[in-house]
Every structure is written in structure tokens, then in C-alpha cells.
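Working notes, structure below.
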Amino acid sequence: METVQRCLVPLLCTKADDWVYLMALTDEEGAAKIPSQVVECSPSPALIMETTKTLYGEHVPVRLIPHSSMVRVICESVQGYTKMYFPILDARVPPETANLLAQLGVRWIHMDLVRERNMQELEAIKVLPGISALVLLNVYEKLLPEENLHSEFLSQSLSEEWKSISRASSSQGNHMAKWEGARQHFDTAAEWLDGGIVIESGVLDVCSRILARARNVKEAECRRRIEEAEDRMEGHPISVMVWAAERERRMAEWDNLQEEKERRWVEILQLKGVETHDRMTKETFQKLQPRRTQQQMVELRHSFNASAPSACSSSSMLQYACLYYSDILTSRRLQDSVDTHLSQVSNMWEDTTVRLHAGGRLDLDRPLTLEEISQTVKTMAKGKSPGVDGLTVEFYIANWTVFGPLLVELYNEVLVGGKLGKGMTHGVIAVLFKKGDKADIRNWRPISLLNVSYKILAKSLARKLARYLPELVAPDRGAFVQGRSIFNNIVTTIETLEVIQQENLDYAVLQLDLEKAYDKVGWTFVLTTLRWMGFGEGFCAWVIALYTFSTAAVMINGHLSEPFPLTRSLRQVCPLAPLIFVIQLEVMLNKIRAHPVIRGLQLHAGQECRVKALADDLFAVCENSESALSALKDVLCEYSALSEVSVNWCNSNMGNIAGRGAEQQVNPVTTEENRSRIRDSVSRCYDEGVCLDDIHLGEVIEDEGGKRFVVNELMNKVRDEWLKERFVIVTFQGEARSLTRPVKEDLIWAYEDGWTARRLFHPDNRRGRIKFEGPNVVSYVAKAKEIADWLIQEGELKIKLGTKEYKVLFKPRLSQHELQKVRLQEAERKFWIMALRVPLDAYFYLRSAVKGMFGEVLEMHNPEYEKDRPRLMNVKFDMPSESRGNIDDELVIESPQGDRWKVDIVSPYTDCCRRCKWYYHTEESCPRRQNEEGRRNNDKRQGGHRARFQEFLTNQGVEAVQSSRNGPDADQQMRHSQQQSRQARQQERRAHASHEHVESAIQQYGPSASGQRWAWMKVLVANEEWVFMTIYAPTVVSERAKFFSRLLQHIPKTEKLLIGGDWNLSLDEALRIGSPQAGRRDAQTLLELSEELDLVDPFPALNQGDLGYTW
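Residue numbers (UniProt numbering): 1 to 1111.
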């Protein structure tokens, strides 16, 4: 590839007798020549001036014409292609000097030659070998008309008086004057100040770069001259003496440069508060050291979609990081606003009785003064990283006379409805690696960089608020409170643990971690707390201006993302944020302190230790009882629902210290890193068959029940989470049941080959693992979560081979406990019973006997013959759910001849043993396990339908229905039993409707103290029975998922149903691609609920087709 040579051709212009001339030199042949010089890079202003002095000497003053353009022209010469740079310079040549220059060989070329395109004379003037002054015609054409070589602009520039600008501050003052004059063109002072700060930051950045470059060039030139003198010293003795003297002079010049550099550094260090004495301190030396190389982010995984590909480019990593932080900083209570009073819908604030006195309220509401702001700036730390505008604290101190009054005016405009500028409230989230997997964004610590103009207001408010904070919080609050220390709470915590152990008390000790507490605090909760405590609207207006209009951008490897708005967060680096956080947290602490059920520990000094706040962590002590712990959890959940600050239970520890020497039970899965290690171990176990031994999964316990290995509950939870993501239950139905096991395996492999050929998934995904759980049930372990999700979404597979159709179902994996819950839920909607091993003689009378004894039969299924006992059969009946209370464990049929046939009856409530595949007992009481013969040992029927159904009703808060069979009339007995069952069902529904949480066990009837999650009532409207139901879904994602999953079974079955309320879920946002997975899952569940009940949503018709919130 042919290289392009760079050449600099300065055009020195001068004016004489109102004519413009171009300077040239005379070459050896007597012809005019415009001199040039080869350069290695694009010329800078310093290089242009240095080259001009080299080519023309220093006979006349020369400068670059301000605001002129430098034209670039590429020409072909004898040496190849040459890129020529043509800067325009102003040469001031006095008349007495012009004649002398002419005698020295300087030629004057009239500029009219270019304007008149005089080809002959221009061709006679040389520039480079093979290139004449005809190239000036190209320069003339490329220049703007108002800046060309024959324009009024050039003539005026050559005539105007030169102004000496010695320092960058003069240029800065010029910009400041223009900025102040442009204020009338802006709508608000905030926009005008934002624009001025941006201009000032840009000017200072350019000036700083120019000055730094000039210093570096000067130092490099001095170093080069010293090296040149040292090289010349090796030669003739006389030359050695001459160049040694020259070296001494140049070394003296180098020393002067170093002394000047040292004075500049001392001045900078004094401004930053680092150097305060006449010698270097350890702190000074550490700050002068080169910064450690920041670890770069090279890969990032999607935070919410495990199946998404990893990001490796800067743009894709920015997209993933921005998605993660925008999700954290986005409120889930979009229905709230800054004017919403949460105290009207919750009693959370009733136990907070402290109020800000009138004097403090007036003090916090009054406008800020210049003196207050000045004192704030003086107390701010120096030498800190600036915000996105690049202006440091030192800059504001040096220019306070200009910016001080403007900032005070802007801050006080907020009190009358004004806002802070968009640039002032904008922040940058930079990330620093902590530890663990670098591809997980959670292992990078976010650091927010805020502008100093923002911090000045926040710190001024914090200085005022700090005076009244001790009066607003309890005496045991030590963090961020003047005159107190967090060390007192640490001492109290240690004393609490010692008292519990010494006195052998049964108390629960909890260390609770508030997950990303500052980032998730809702503004509505903060403002409600401030107004409840008596803060004025002026202070609240400042809080609103600081937080509710803020934006942020994420910076990864020096690249910035697009800014996004914040809808919650207090910003940890904000000076006001810690004090606001302390105030809003006091509401929850007061609720716990005043709760009658939560009883703390009485210490030796007479004080009660119930809950302590250690910064953003909580230390709680209460009696180790179910009621106390449930009450504590209810307060935390209510606080989480209102403030959006949730407890990270995985990082929280709980201990039961019951006596000296008792071991504290610590959560083994305390960090995301540990959870990730466990998930990796589970993955290797099921994917590769490798069981690792570096993680302790449980402990060995030996008691009266024997010696056994007990698996850790949380370890098992992590394993179940992984299994739910990867496991799919494959069930063969119809003709597929008759296939052999190898054919069934081949059917699954063929299905995998099908989606591989269609490239539905990533080509690196290998085959999954299968295991036969039964003759027609296979467990399939997918290699990726996306494969398992796709199979479950497909639901079923139908393959036709010849004339036969083979059907295969795909269902998610359920644990035994979850499977039993699903069966019980299904039993409420579609109840069934099964008669086991029905003798052939009794089969003819079976349907009539079931109907007479238990009630109406909806459907009788075809009998299922037992393989090992051909004479006996199992028969299934579909029954109304109201008949659940009528079912007995045994059905007796008697013939006129006195023959009696006893038939066992089972239902979804009956115990079933997976070990022996039979009923009335579980694996623990299985006869095979006890080495007993026979498949049945059910004389007591402890695991039968009646006993288990009674337990089910008791767990639901309703006593079991006891059907009376003392009368002679079987039909009358059956009707009486059905009526009792219906009454019990209605009582059960009313009890559910009055309870706060659907998924918890009912302990009482009637409304709870804190309200209901849902309720319903029947109303007779125009002789038609309607059911009106109102719903208030939880805001916490995990609670909302449970709520949706169990809601269907508790909705009354009727033809006329109206449901309304707050689902705490926006369907159009939740179904959008890129939304959090939990939101999409809940939205899909809500849509399926609508289809199941055949509900009509009026929202889209009223809102132009939007998906909406409710039905």
C-alpha cells in the first residue's frame, strides 16, 4: 500500500497600500518558491508557528489568523502522493523592513493572481517538486466564501490590532461575559446556568489541554537539546569544551523547568489539601503515585434472562448494565406520586409520635443565604472526582464571586415552583470490581459521580437538618446523628448476646440486611414521613427537586450509556441521603418498638433491646415464638410494600441462642457468590454426573429417631430452583404408552434432532439427559433453561407413524409437596374418587352404590384392570366438590343372599406411597420398609380420605364436616350431609375472604387489623345473583407470584362475576421484551386467569387498546 507524505505549507499574508500580498522566497535558480516542510502528523498551532520560524526566520512578527480555516489538499508529485496543509498566517511587515527583506530574497506575490486565475504566473511559482502555485486555486475553492484569499475577512484580519492574551483566564472571562449577556434568551435560570456550566467546562478543558501540551513540548525540546549537546561532546577537544558549556546552559534551563513544575504541583496539592508542610508526607506520596490500573469489564451476562447470550462488546455490555440499574432505580409503585399520602391507606405511621417543632420547621423552610452556601463550600472535601460537568470544588472556590450568587438564586427559586437544571441533577454510575464472577454485574460496585453544584445544595440542607435530627430519632440511633456513635449499638449487641447465653433465654436473634436500601427507597414513602413528622413544604420542595427530576447514565470501560430517568433512590453519595434514610427508617423501627406481640430483651441497665439500626442493617431480638416472629415479619413486609426497601433474606442471619454453648444457626447461603457455587455444583451433578465435595450440603444428626444425614434447607432450595429451570416431565399417552423403552428414548432424541435442524437454540447446546421414573414417565434434564421453557410452552407433541398417533405431554417438574398442593387445588375444582380392586360380582351395582352412599356421580370412567390381578379392577368417578364431606374410606355392598363386598375408596386427599405404589400410607410407614408382607395394612385407615380431608379443612380454618348416618333414610342422610358440606364450603370461603394473605393458614374469623388482600360478597341485583370481588395484589414479586398461583381456587364459581382492584402490575410493561422475568411471568399468569374464568377486560376499550391493569 502506497503511503501518503504530509507536508506543511504556511501561507504568510501581509497588507500594504490596501493590497494583500503572499510571501515567498527565491530559490537557487532565481524563481519564486513558497517554502514547505515535511511533518509526521496533523500540524498543531504550536507546530505551525515553529515551522514558520524555521522557514522564514524571525524577522517579522507572525500569528495565526483567528477563526481561519486550514485547507488540506492531496496532490500527486514525483515522490508519490502528498497531503498538503495550508494554514493562513498574518505577517506584519513594516515598510522599512520590506526593502531589506526584498534584498534578502523575499518575494511578494499579489493575491490578485489567485483571484484572476493567472495560470502562467502561478505555474512559475514552485511549492514542491512537480507542484506549482496552481494548487492555490484548489485552496481558494475549498475555503468558505467569507474566508477565502480575497475576502473582506482576510483584509480586516490583516489590519486589526493584535491583542495580547497572556493567560487562559482572559479567554475564560470573554466566554463568561458572552454567557451573562445571553441570559435573556433562556426561559429559566436553571437552563441558562446549565448552558453556562457546559461552556465553562469545555473552555477549561481545552485550555488545560493546550497548556499541558505546551509544557510537555517545551520540556521535550529541552531534553532533546541536552541529549544533542552530549552527543556533540564526543569529538575534537575544542568542540568538547564548546558543547560542554552549551550543555551546562541547557541543564540550567532544564532545572528551571523542573522548579517551575514543582511549584505548580505544590500549588495544586495545597489547593486539594494534600500538602500542608514543607516536606512530603506519606499521604502526599500515596496520592502522587500512579493510580492502579482499573480492571476492565470484558464480558457481562444478562441480569434477568439466563438464556440470553453474554455481552462482549462495549455497546452490548452497556445495554445489559443499563437494563440492570434502570430496573433497580425504577419504582414498582407507579401509581404513587409526590403528593400521595400513604398514611391515609396504612397505619404504619401511627406509632411515630415525634414531630419537628415550629422553630425547626421555619428554619428548614427559609431561603438559603450566600453566607450559608459559602460556609458549605469551604467545608467540602477537596481533591475529589468531579461530576459529569468536570468542575471541581476548587473551581467553585476560585470563582465563587461569579457562581455563588447565581447558585443561591437558583436554589431559592425551588421554593416558588422552580426546578434544578437537567445537567445539575444528572449523575454517572461508574462500576468498580469487588470480587467473584466478573461477568455478573452484581459483583461490580456502583459509584455515582454527582456534580458539585448538586452537592452544594444537598450539603447545605444536610447541615441544617443535622441540627434537628437528634430530636427526631430514638436515642439508640447512632449512625449519621450528631453527637452519637454507632459504636454504642455495637456494644449493646454484644451485651445482648452475652445476656441470652448467660441466662439461658430462648430468644431469636436476627441480623437483617436491607437489599440495596438507598437505591430502592421510594420517594412517596420519604415525603409521607417528612410531612408526618412536621416538615414544611419548603424543605419537601428541595427534596423533590433533588431526587424526583434526576437522571443517570452508566459508564463501562469509559463508554457512557444513554441517560435514563430515576423513579426512586436516594443516591448514596448525596450528602443529604443518609439523613433522609435515617428519618424514613425510624417509622419502621417505631412500629416494631410499639408492637405488643414483639417483646425484646431486658438488659441489666433496665433498657429493652428489641431492634437496632446499624447504618442500613438491622439487629433484632425477640422471643423465639411463632407469634413474635410472624409479627416481626409482618411489619417488615408492610414496610417493604410501602417503601419498596426489601429484606435480603439470603444475606440475613438468624440464630436461636438457647443456653450457654448452644451453636448459632447461621444461614450457609449468605452471598450470591455461594449461591452461584451451589448452582454450578448442581449443574455439574445433573449435566455431567459429577458430585463435588467442596460444599457441605447438610449435617449428620443422631437422636431417638436414629442416625441420619439431614440436608440443609437453603441448599435444597437452591437445588429446587435449578431443577425447576431445567427439569421437564415427559409423559407418554395413548398409543405411545405401548412403545418399548428404547423406542421412547429414540423418540426423545429424534425430537431433539428436529429442533437442532431448525436452529431454534444455540448450536452449543448438547443433548439433555433422561431418566425413566416409571413405565410412561420420563424426567428430561435440559442443557439450557430456554429449552425447558420452550418444551413447557409447547405443552404436547403429536407424532404420526403410519396410521397411529403418538401423544407426548411436557409438564414442569413439581416436588412431592408441590404435587400434593396441585392435587388438592385440582380437587376443589374437579373432585374424583376411585374404587380399588372392585370384584366382578360387585361391578354391576357399583355406580348406584356410589350415588346412594356419596352423592351425585358426574361421570364414571372405564375400568382399569390390574395387571397382577385380572379379576379385580379400579374404577374412577368424577364427583361434585360438595360431596367431599360425604366420602368414606370404604364402600360396602350387600346382596339379598347376604353376600358382602367391601371396596376401598381413595381420593386426592388419600395418602399415596411412591415406594409400593399403593394408598393409605406414605413412604415413612410403608410395610415394605418395615419388612412386612402384603401390600395393605390399613385397618386403622389413618391415611384415608376422611382423616386427611378433616386435616385439610382444619388447616384451612374450618372444622371438618361430620356427616350423620343414624337415620334410616339414606337419601335424607345424603342430602343432610351435602347441606352441611355446602355450609362448610361457604364458611371456608368467608374465612378466606376475611384474611390478609391467601397463602397463609387461617387462625381467626373476621377482618384482620391491617386489612384484606381480597374479599367478595353476593348481591341480588334485579332478581339476579351477582358476586362482586375486590383484590389488592402484593407489591413484592415473590408474594405476588404465590398470590396469583393460588387465587383461582378461591374465586367463587358463578356465571355473573365482577372483579376489580389493584393488581400492582402493568401488563403492557410486563409483557414487553426486556422487562424483568418475574414481571412477565406474573403478567402471563394474569392473562391465563382471565382466559380460565372467561373474564372481559373493559380497560382496553376505554384506553385505545392498551393491555391495562385489571378486569
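Cβ coordinates follow ideal geometry from the N, Cα and C atoms, glycine included. For clarity, every value in this text was computed on a predicted model and none was experimentally measured.
Residue i versus the options, residue with shortest Cα-Cα distance
i, options, result
"Leu-723", "Cys-685, Glu-147, Leu-391", "Cys-685"
"Arg-599", "Arg-215, Ser-569, Val-73, Ser-630", "Ser-630"
"Arg-301", "Gly-360, Ala-189, Asp-437, Gly-181", "Asp-437"
"Phe-153", "Ser-69, His-110, Arg-232", "Ser-69"
"Leu-8", "Phe-854, Thr-14, Val-60, Ile-88", "Ile-88"
"Asp-746", "Gly-734, Glu-725, Gly-768", "Gly-768"
"Gly-105", "Gly-196, Lys-142, Ala-31", "Ala-31"
"Val-490", "Ile-199, Ala-620, Pro-578, Pro-565", "The residue you asked about is not Val; residue 490 is Ile in the sequence shown. Closest by alpha carbon: Ala-620."
"Lys-851", "Asp-841, Ala-835, Glu-141", "Ala-835"
"Ser-460", "Lys-378, Leu-603, Trp-400", "Lys-378"
"Ala-244", "Arg-225, Glu-1088, Asn-1064, Ala-321", "Arg-225"
"Lys-384", "Pro-405, Tyr-324, Leu-449, Ile-429", "Leu-449"
"Ala-133", "Tyr-518, Lys-142, Ile-109, Gln-156", "Ile-109"
"Lys-612", "Phe-487, Pro-95, Val-114", "Phe-487"
"Phe-732", "Ser-779, Ser-643, Glu-644", "Ser-779"
"Glu-1025", "Ala-462, Ile-74, Leu-1057, Leu-136", "Leu-1057"
Boundaries (first-last residue) of the beta strand (DSSP E) holding residue i
i, result
"Ser-448", "444–450"
"Gln-511", "507–513"
"Pro-812", "804–812"
"Ala-736", "Ala-736 -> no beta strand (DSSP E), and no H or E assigned at all."
"Cys-622", "617–623"
"Gly-195", "Note, Gly-195: premise wrong, no beta strand (DSSP E); alpha helix (DSSP H) at 189–232."
"Leu-589", "Where Leu-589 is concerned, there is no enclosing beta strand (DSSP E), although the alpha helix (DSSP H) it sits in stretches over 577–594."
"Tyr-920", "Unbroken run through Tyr-920: none, as it is neither H nor E."
"Tyr-468", "Careful: Tyr-468 lies outside any beta strand (DSSP E) and carries neither H nor E."
One or two residues paired with residue i in a DSSP bridge
i, result
"Ser-132", "Lys-126"
"Pro-909", "Checking the sequence shown, residue 909 turns out to be Tyr, not Pro. Paired residues: none, contrary to the question."
"Cys-609", "Leu-601"
"Lys-707", "Glu-702"
"Met-84", "Cys-7, Val-73"
"Ala-245", "According to DSSP, which records beta bridges pairwise, Ala-245 is partnered with nothing at all."
"Val-1019", "Trp-1026"
"Val-20", "Lys-15"
"Met-555", "Ala-430, Leu-560"
"Ala-91", "Val-62"
"His-110", "Tyr-21"
"Lys-1042", "Note: Lys-1042 sits in no beta bridge, so no partner."
Span of the alpha helix (DSSP H), counted from its first residue to its last, around residue i
i, result
"Tyr-639", "626–643"
"Met-49", "45–56"
"Phe-153", "152–159"
"Asp-365", "358–365"
"Asp-1062", "Premise fails: Asp-1062 lies in the beta strand (DSSP E), 1057–1062, not in any alpha helix (DSSP H)."
"Ser-316", "314–328"
"Tyr-518", "517–520"
"Lys-785", "785–794"
Residue i beta carbon near the ligand GTP (any heavy atom closer than 6 Å)
i, result
"Ile-74", "Although the ligand GTP was asked about, the structure shown includes no ligands whatsoever."
Below-7 Å beta-carbon distance, residue i vs any chain B residue
i, result
"Gly-698", "Looking at the structure shown, chain B is missing, and only one protein chain is on hand."
Is the region 584–591 touching the region 344–358 in the sense that three or more CB pairs, one from each, lie closer than 8 Å? yes
Taking 8 Å as the cut-off, does the region 307–320 touch the region 490–500 (at least 3 CB pairs, one atom from each stretch)? no
Please determine if the region 804–814 and the region 886–893 are in contact, where contact requires at least 3 C-beta pairs separated by less than 8 Å. no
In chain order, which continuous runs of the beta strand (DSSP E) of length 3 or greater are located wholly inside the region 831–896? 831–838, 873–879, 890–894
Three or more C-beta pairs below 8 Å linking the region 832–848 and the region 895–903: yes
Would you call the region 13–31 in contact with the region 40–54, where contact means no fewer than 3 C-beta pairs closer than 8 Å? no
With contact counted as at least three CB pairs below 8 Å, one residue from each stretch, are the region 783–791 and the region 731–749 in contact? no
Per the contact definition of three or more C-beta pairs closer than 8 Å, is the region 463–474 in contact with the region 401–408? no
Examine the Cβ distances between the region 179–192 and the region 90–105 and report whether three or more of them are shorter than 8 Å. no
Between the region 338–346 and the region 360–373, are three or more C-beta pairs nearer than 8 Å? no
Are the region 521–529 and the region 564–579 in contact at 8 Å, needing three or more beta carbon pairs? yes
Would the region 198–205 and the region 214–225 be scored as touching if the rule is three or more Cβ pairs under 8 Å? no
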